[in-house]
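Residues in the sequence shown are numbered from 1 upward in steps of one, following full-length UniProt numbering.
Glycine is no exception: its CB is placed at the ideal position from the N, C-alpha and C atoms.
Report on one structure; see the data block that follows.
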Amino acid sequence: MVTNESETFEIGGELTVHRLGFGAMRLTGEDIIGEPDDEAEARAVLERAVELGVDFIDTADSYGPGVSERLIGEALDTEREDLVIATKGGLLRNTDADWLAHGDPDYLRNAQLCSRDRLGMDPIDLYQYHRPDPDTPFEDSIHALAELKDEGLIRHIGVSNVSVEQLDRARDIVDIATVQNQYNVAHRDDEDVLEACENYGIGFIPWFPLGAGDLSDVDGIEEIAKRHDATPYQIALAWLLGHSDVTLPIPGTSSLDHLEQNVAASAIELSDEELAELS
C-alpha cells in the first residue's frame with residue numbers, strides 16, 4: 001500500500017509535517033485560471049492525499065484566483081491538528097493569466113482575510129509572502145505579516161522567491177518559518193538560499209520540484225530510475241528529500257494516479273553514490 005514514508009520536519013519549531021507535501025496549484029483551470037475541468041476529481045485528489053499520509057498542503061490565493069483555496073476548504077477539515085495548510089498572498093491575476101506582484105500592506109491584510117474565509121481556517125497555519133514587489137518596500141510587506149501574526153490571524157510566516165539578502169532582511173523583522181523558491185534536480189540557482197535555510201533551521205519548499213516535467217538534461221537520472229524500478233520524476237523527488245534535511249517538496253497534480261506515484265517516491269532511498277551522481 002502506498003503511504004507517505006518521508007521523514008518529518010517541524011515548521012516554525014512546532015508544526016510537525018511529513019517532508020513530502022502536496023502543492024495544490026494544479027487543481028484549477030488552464031493557466032491556473034478558473035475552475036478545474038472536474039471539481040469532483042480535484043476534491044478526490046485532496047482527500048486521497050490526506051489518506052496517503054500527506055499532512056502538508058501548499059496553495060495560494062492567486063491559484064484560480066481563489067479556486068484552489070476554496071476547494072481545499074470544501075474538501076478537507078482544514079482545522080484538524082494533524083494537517084498543516086500553507087497559503088500565499090502578494091500576487092494579482094488577470095484574464096491574460098499574468099502574475100503581478102502586489103505587496104501593499106493593506107492589500108496583504110485584506111488578502112489574508114479572504115484566504116482565511118475560503119480555507120475555513122482561524123488562524124492560518126503558514127502564510128507566505130508570494131513575491132517581493134518592486135513598487136512596495138520589502139520591509140513594509142513583511143511588517144504587515146508580522147502584525148497579522150501578532151494579532152493571531154496567522155501562526156507562522158514564510159517568504160517566497162527571495163534572495164539570501166532578502167531573507168536576512170525579513171528575519172530582522174520577524175521569525176521566518178519557511179522559504180519557497182524554485183529548485184529541483186535540474187535547477188539549482190538558489191543553492192545559496194537553501195544553504196541559508198539549513199543554517200537557520202528554516203524549511204525550504206522547492207516549487208517546480210519536478211522541473212515542470214523537464215528532466216531531460218539531468219545526467220544519470222534515467223539509469224538511476226531503472227535501478228529502483230521508478231520513474232525519473234520519482235527519483236527527482238527522492239533526490240530532493242535526500243539532498244537536504246530541510247527540503248519540503250510539494251509536487252502537485254490533478255491526477256489520482258500521479259498523486260500515488262509522487263507519494264510512493266517517499267519510500268525510495270538513494271545511496272550516497274547516487275546522490276553524488278545526480279549532484
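For residue i, which residues from the same chain have a beta carbon less than 8 Å from its beta carbon, with the 5 sequence-adjacent residues on both sides left out?
i, result
"residue 280", "Only positions 1 to 279 of the chain appear in this structure, which leaves residue 280 out of reach."
"Asn-4", "His-18, Leu-20, Leu-52, Gly-53, Val-54, Asp-55, Val-263, Ser-266"
"Thr-253", "Arg-26, Val-45, Leu-259, Asn-262"
"Asp-150", "none"
"Gly-66", "Cys-114, Arg-118"
"Ala-111", "Asp-61, Gly-89, Gly-90"
"Gln-166", "Pro-132, Phe-138, Val-159"
For residue i, is the classification buried or exposed, using 16 other Cβ atoms within 10 angstroms of its Cβ as the cut-off for buried?
i, result
"Leu-248", "buried"
"Lys-226", "exposed"
"Asp-133", "buried"
"Leu-100", "exposed"
"Ser-62", "buried"
"Gly-13", "exposed"
"Glu-274", "buried"
"Asp-190", "buried"
"Pro-137", "exposed"
"Ala-276", "exposed"
Leaving out five residues before and five after residue i in sequence, what residues of the same chain have Cβ atoms less than 7 Å from its Cβ?
i, result
"Asp-55", "Val-17, His-18, Asp-82, Leu-83, Val-84"
"Arg-109", "Ala-144, Leu-148"
"Ala-42", "Leu-27, Pro-36, Leu-71, Ser-254"
"Val-50", "Leu-76, Leu-83"
"Glu-10", "Thr-16"
Using C-beta distances below 6 Å, list every residue in its chain close to residue i, excluding the 5 sequence neighbours before and after it, in chain order.
i, result
"Val-246", "Cys-197, Glu-198, Gly-203, Phe-204"
"Leu-270", "Ala-238, Gly-242"
"Pro-105", "Asp-140, Ala-144"
"Arg-93", "Ser-62, Pro-65"
With DSSP collapsed to three states, give me the class of residue i.
i, result
"Ile-124", "strand"
"Asn-184", "strand"
"Tyr-63", "coil"
"Ala-86", "strand"
"Phe-208", "coil"
"Gly-203", "strand"
"Arg-93", "coil"
"Ile-11", "strand"
"His-18", "strand"
"Ile-154", "strand"
"Ile-235", "helix"
"Ser-255", "coil"
"Leu-100", "strand"
Report back the beta-carbon spacing between residue i and residue j to the nearest angstrom; my notes put them in contact at under 8 Å.
i, j, result
"Leu-91", "His-130", "5 Å"
"Ser-115", "Gly-89", "6 Å"
"Glu-139", "Arg-169", "7 Å"
"Gly-23", "Asp-58", "5 Å"
"Thr-87", "Tyr-127", "6 Å"
"Ile-173", "Ile-154", "Ile-173 to Ile-154, Cβ: 14 Å. No contact."
"Ser-160", "Gly-103", "Not a contact, Cβ separation roughly 11 Å."
"Gly-158", "His-187", "Contact flag wrong, Cβ pair sits at about 20 Å."
"Ala-236", "Val-185", "5 Å"
"Leu-256", "His-156", "Not confirmed; about 30 Å, so no contact."
Kindly indicate if chain B contains any beta-carbon less than 8 Å away from that of residue i.
i, result
"Val-193", "No chain B appears in this structure, which consists of one protein chain only."
Determine, using beta-carbon pairs with one atom in the stretch 117–124 and one in the stretch 66–74, whether at least three such pairs fall under 8 Å. Yes, since at least three Cβ pairs between the stretch 117–124 and the stretch 66–74 fall closer than 8 Å, the two stretches touch.
Original post:
With contact counted as at least three CB pairs below 8 Å, one residue from each stretch, are the stretch 167–184 and the stretch 36–45 in contact?
Top reply: The stretch 167–184 is not in contact with the stretch 36–45.
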